[in-house]
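See structure below.
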Amino acid sequence: MKKYHFYGLLAAWLVSTGVQAATFAVNDTADLPDDNLTDNICHTSAGFCSLRAAIDQANALPDDDTIVLPTGNYTLTLPGVLYIGSNITINGESPSTSIISGGGTRAVLTISGDAVVNLNKLALTQGNGAPSSVGGALSVGSGTTTLTEVLVSNSTATGAGFSQGGGIYVNGTGTLYLLDSTVMNNSAANGGGGIGVASGGAVHVIRSTISGNSTTNLGANGGGIDVKGQLEIVNSTVSGNTANTGSGIGVSGDGSANILFTTIAYNTATSANSGQLESYTPNSTSIVSGSIIANPTGGVNCASTEGSLTSSGYNLSSDDSCAFMTAQGDLTHTDPLQASLGFNGYINRTHALLTGSPAINAGPTLVPVQATTDQNHKARVQAGRADIGAYEATAAIVVNVGNASITEGNAGTTVLDFPISLSAPAPSGGITITWSTADGTAAASSDYVAVAGGQVTIPAGDNSGSLTVTINGDIQVEPNETFTVTLDSIGAGASIGTSTATGTIANDDSLPQPGNPEIGAARAVPTLSEWGLLLLAGLLGAMGWRDARARGRRQ
Numbered sequence: 000m001k002k003y004h005f006y007g008l009l010a011a012w013l014v015s016t017g018v019q020a021a022t023f024a025v026n027d028t029a030d031l032p033d034d035n036l037t038d039n040i041c042h043t044s045a046g047f048c049s050l051r052a053a054i055d056q057a058n059a060l061p062d063d064d065t066i067v068l069p070t071g072n073y074t075l076t077l078p079g080v081l082y083i084g085s086n087i088t089i090n091g092e093s094p095s096t097s098i099i100s101g102g103g104t105r106a107v108l109t110i111s112g113d114a115v116v117n118l119n120k121l122a123l124t125q126g127n128g129a130p131s132s133v134g135g136a137l138s139v140g141s142g143t144t145t146l147t148e149v150l151v152s153n154s155t156a157t158g159a160g161f162s163q164g165g166g167i168y169v170n171g172t173g174t175l176y177l178l179d180s181t182v183m184n185n186s187a188a189n190g191g192g193g194i195g196v197a198s199g200g201a202v203h204v205i206r207s208t209i210s211g212n213s214t215t216n217l218g219a220n221g222g223g224i225d226v227k228g229q230l231e232i233v234n235s236t237v238s239g240n241t242a243n244t245g246s247g248i249g250v251s252g253d254g255s256a257n258i259l260f261t262t263i264a265y266n267t268a269t270s271a272n273s274g275q276l277e278s279y280t281p282n283s284t285s286i287v288s289g290s291i292i293a294n295p296t297g298g299v300n301c302a303s304t305e306g307s308l309t310s311s312g313y314n315l316s317s318d319d320s321c322a323f324m325t326a327q328g329d330l331t332h333t334d335p336l337q338a339s340l341g342f343n344g345y346i347n348r349t350h351a352l353l354t355g356s357p358a359i360n361a362g363p364t365l366v367p368v369q370a371t372t373d374q375n376h377k378a379r380v381q382a383g384r385a386d387i388g389a390y391e392a393t394a395a396i397v398v399n400v401g402n403a404s405i406t407e408g409n410a411g412t413t414v415l416d417f418p419i420s421l422s423a424p425a426p427s428g429g430i431t432i433t434w435s436t437a438d439g440t441a442a443a444s445s446d447y448v449a450v451a452g453g454q455v456t457i458p459a460g461d462n463s464g465s466l467t468v469t470i471n472g473d474i475q476v477e478p479n480e481t482f483t484v485t486l487d488s489i490g491a492g493a494s495i496g497t498s499t500a501t502g503t504i505a506n507d508d509s510l511p512q513p514g515n516p517e518i519g520a521a522r523a524v525p526t527l528s529e530w531g532l533l534l535l536a537g538l539l540g541a542m543g544w545r546d547a548r549a550r551g552r553r554q
């Protein structure tokens, strides 16, 4: 009994002292601190809850807290660094609407100590890593930070200091997970235009795009990612980055990179013999599997001054610089035939494989568990063998329409459904079909309601649907009548197979039978017995007339 009394008192004490997770809903874009860190309430001097005040309160509490960040531009204006020192999740609405900005004068977020932080559906932009000049938008401490559907952009680490990680810098013993995110248009003076990974740090890039980042100093490494720690990159795209060496990914020190089903393309090395992928110190290593390294806009595809590059098979290089590609399924001096960087079904840009690409179905039949979907979340494998690179091509979905029939009815309207079938489930966003009707023996208005430019959308994941036409009932005796429906056009990612179907309106009216007058008959037809009565009446009438005439003569 005493034991239960103790636990009850403990629970009451925990609640009363606020030792529990809290959720703070931001409702002000102004950059103001919390005015009382002892009351567990997000409240600024202006009477609202700002992002800074919410972080202040969360830092003051011991448990894992959540901050809800609605649509808005949250520009930091106060001096100093905005630190996160506690386990916090910040949930935005989307990277295009929930935007945290450093205003070009300060770093956006700095995570200190071993805090576990989750950032979801938001943007970090216009950060400046001064004065330490690391992590223009985000600096990760010794804990684990996860970014999901986050945009990190237009930030710099170009000051007089260390100047690494223009977008993100991961300190030694820190861990970063980058999921379904984009790091673009950031710059650093000395390394890691997009992401800088310190010795001892670890970065996992999954289904993400690193593009348009750069390093500015001569000899700087890693235009997209500079790796001195550990990098795992899977189903991702590294494109359009610039550096003196390692224009896409540069690995140095004791750094290591495991590159799996990733596309590294169109990066620019300002040194003629430097590569889009480069390991350039004795202990640096890179292992590449199922990946495309192609179409450099400066330098070559692969370079290994002193480090090692190893193939686990099924890679493609557009030149001969990747001499290590000698494993099963490797292709060298082969153009992958890629489209330019663009949106191909999901929130991040990828290089789609064009029709006839040698990378299509050139990968293994089985893929590792972390690569069973491509960067756009499409299933990998599509046609017996995986494609090489971050993008898994799919054949266009074929859409067919089928015939339909219905009994017309005597009055009112009924609905005739034409079946639609897809050769595969509709992709994200669905498939929109435009269609119309045309007369056959059935006439619009009197027999059915015509449709011109009608649209129906098959939702994502579905492989069937229907087109609906309204049928008018009547009581006219007529043959079965027909009309057609035609699929006029279809959305991207699909093609039309059977484009036209016939709708049959079955007549359910009949001619009236003798003795059974029906509605709509012009007149009733006498039965046989009725004909007999009429004949008898006629005979009797004739006899009466003749008898009357005879009597008249006698009189």
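Reminder that position 48 of the sequence shown reads as 47 in numbering that gives the first Met the number 0, one-by-one numbering, no gaps.
Backbone N, C-alpha and C fix where the C-beta goes; we use that ideal spot for every residue, glycine too.
None of these values were measured; they are calculated from a predicted model.
Nearest Cα to T497 within the set T503, I504 and S488: S488. Annotation for I54: no beta strand (DSSP E) segment contains it, though the alpha helix (DSSP H) segment containing it runs L50 to A59. Around the CB of F417, 16 or more other CB atoms lie within 10 Å, so the residue is classed as buried. In this structure, T208 sits near T236, with a CB-CB distance shorter than 9 angstroms. Counting only residues of its own chain and dropping the five nearest sequence neighbours on each side, G328 has a CB closer than 6 angstroms to the CB of G312 and Y313.
Using a Cβ-Cβ distance cut-off of 8 angstroms, the stretch 416-430 and the stretch 393-401 are in contact, since at least three pairs of beta carbons, one from each stretch, lie closer than that value. For the beta strand (DSSP E) assignment, the uninterrupted runs of no fewer than 3 residues enclosed by the stretch 186-241 are, from N- to C-terminal side, 194-196, 201-205, 208-210, 224-226, 229-233 and 236-238. In this structure D507 is not in contact with G401, their Cβ atoms being roughly 23 angstroms apart against a cut-off of 8 angstroms. Between T214 and G190 a beta carbon distance of about 6 angstroms is seen, short of the 8 angstroms cut, so the two are scored as contacting. The residue from I292, E480 and G297 with its alpha-carbon nearest to that of L308 is I292.
A residue is called buried when at least 16 other Cβ atoms come within 10 angstroms of its Cβ; S444 does not meet this threshold and is exposed.
With a contact defined as Cβ atoms closer than 8 angstroms, G228 and G199 qualify at about 6 angstroms.
If you compare the alpha carbons of T406, T431 and V448 with that of P478, the shortest gap goes to T406. Contact between S290 and I387 holds, with the beta-carbon distance rounding to 7 angstroms and staying under 8 angstroms. Under the DSSP assignment, R348 falls in the beta strand (DSSP E) whose first and last residues are R348 to L352. Here N72 is bridged, per DSSP, to I98. Spatial neighbours of T469 in its own chain (CB-CB distance under 7 angstroms, excluding positions within 5 residues in sequence) are listed in chain order as T412, V414, Y447 and V448. Cα atoms of S339 and A129: separation of roughly 34 angstroms, rounded to the nearest angstrom. I89 and L118 have their alpha carbons spaced roughly 5 angstroms apart.
Contact annotation: V196 and L230 have beta-carbon atoms nearer than 9 angstroms.
Taking R384 as the centre and dropping the five residues before and after it, the same chain places the C-beta of N360, G362 and T364 closer than 6 angstroms to its C-beta, in chain order. C-alpha of S186 to C-alpha of M324: approximately 31 angstroms in a straight line. S463 is classed as exposed because its beta carbon has fewer than 16 other beta carbons within 10 Å across all chains shown. DSSP places V368 in the helix class (H, G or I) of the three-state scheme. CA-to-CA, the gap between A106 and S132 works out to about 9 angstroms.
Counting along the chain, the unbroken beta strand (DSSP E) around E277 starts and ends at G274 to S278. The continuous beta strand (DSSP E) containing S435 extends over residues I430 to D438.
Counting along the chain, the unbroken beta strand (DSSP E) around P418 starts and ends at T412 to L421. With a cutoff of 9 angstroms on beta-carbon distance, I110 and G173 are scored as near each other. One thing to note: H350 has its Cβ no nearer than 9 angstroms to the Cβ of T296. A residue is called buried once 16 or more other Cβ atoms fall within 10 Å of its Cβ, and G46, having fewer, is exposed.
Between V169 and L178, the C-beta gap is not smaller than 9 angstroms, which leaves the two residues out of contact.
The C-beta separation of G102 from T76 comes to about 7 angstroms, placing the pair in contact by the 8 angstroms criterion. Judged by DSSP in its simplified three-state form, I87 adopts strand. Assignment of beta-bridge partners to A443 by DSSP yields Y447.
Note on D55: 16 or more other CB atoms within 10 angstroms of its CB, so buried under the neighbour-count rule.
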